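Take 1 as the starting number for the sequence shown in UniProt numbering and just add one per residue.
For each residue, glycine too, the CB sits at the ideal point set by N, CA and C.
Given the structure is predicted, the values throughout are model-derived calculations rather than measurements.
What follows is a set of notes on a single structure, which appears directly below.
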Amino acid sequence: MNHWLVKSEPNKYSWDHLVAEKEGMWDGVRNFAARNNLMAMKKGDLVLFYHSNIGKEVVGLAKVSKEHYPDPTIDTGDWVVVNVVPVEHFPKTVTLEQIKKHDILKNMELVRLSRLSVVPVKREEFDIIVALAHES
């Protein structure tokens, strides 16, 4: 199983939107590196849901429910989407500031490739973020 992080501006598509829909189509990716990451996602892979621009924080955990297929919102065949379902709204958010200060997390693709909307997450990074989200 692979782990991923997807970014969305909460005023355009928030965690609450995904929960309300029960299954969301992850569309709008127009960067080839991010598209390649979507194409690498497999059904069942776990996905950290990150609110970008407003909040700048990991807010929940989702799961890939349908592997990549052509983006139905455009006519060209260059772009793909995946479907995701919500798994858990985190009790605590994990902020970008926390991530940048953490010895291991500061080297995440989220930080290094900050413009990409879909990035892989190493298992160790994933486990740390989930643990931080559940700290009391």
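Here Gly24 is buried. Its C-beta has 16 or more other C-beta atoms within 10 Å.
In this structure Arg112 is exposed. Its beta-carbon is surrounded by fewer than 16 other beta-carbon atoms within 10 angstroms. The beta carbons of Val85 and Ser65 sit closer together than 7 Å. Met39: member of the alpha helix (DSSP H) spanning Phe32 to Ala40, first to last residue. For the options Met108, Ser114, Ala133 and Val94, the alpha carbon positioned closest to that of Val121 is the one of Met108. Only buried fits Phe49, as 16 or more other CB atoms lie within 10 angstroms of its CB.
The residues Asp71, Thr73 and Val81, in chain order, have a CB closer than 6 Å to that of Asp27 in the same chain once the five nearest residues on each side in sequence are set aside. Under the DSSP assignment, Lys63 falls in the beta strand (DSSP E) whose first and last residues are Glu57 to Pro70.
Under the DSSP assignment, Trp15 falls in the alpha helix (DSSP H) whose first and last residues are Trp15 to Glu21. Per the coordinates, the alpha-carbon of Val119 lies some 6 Å from the alpha-carbon of Trp4.
Per the C-alpha coordinates, the member of Gly77, Glu88 and Ile129 positioned closest to Arg30 is Gly77.
Counting along the chain, Leu96 sits inside the alpha helix (DSSP H) bounded by residues Leu96 to Lys101. Contact between Ile104 and Glu124 holds, since their C-beta atoms are separated by about 6 Å, short of 8 Å.
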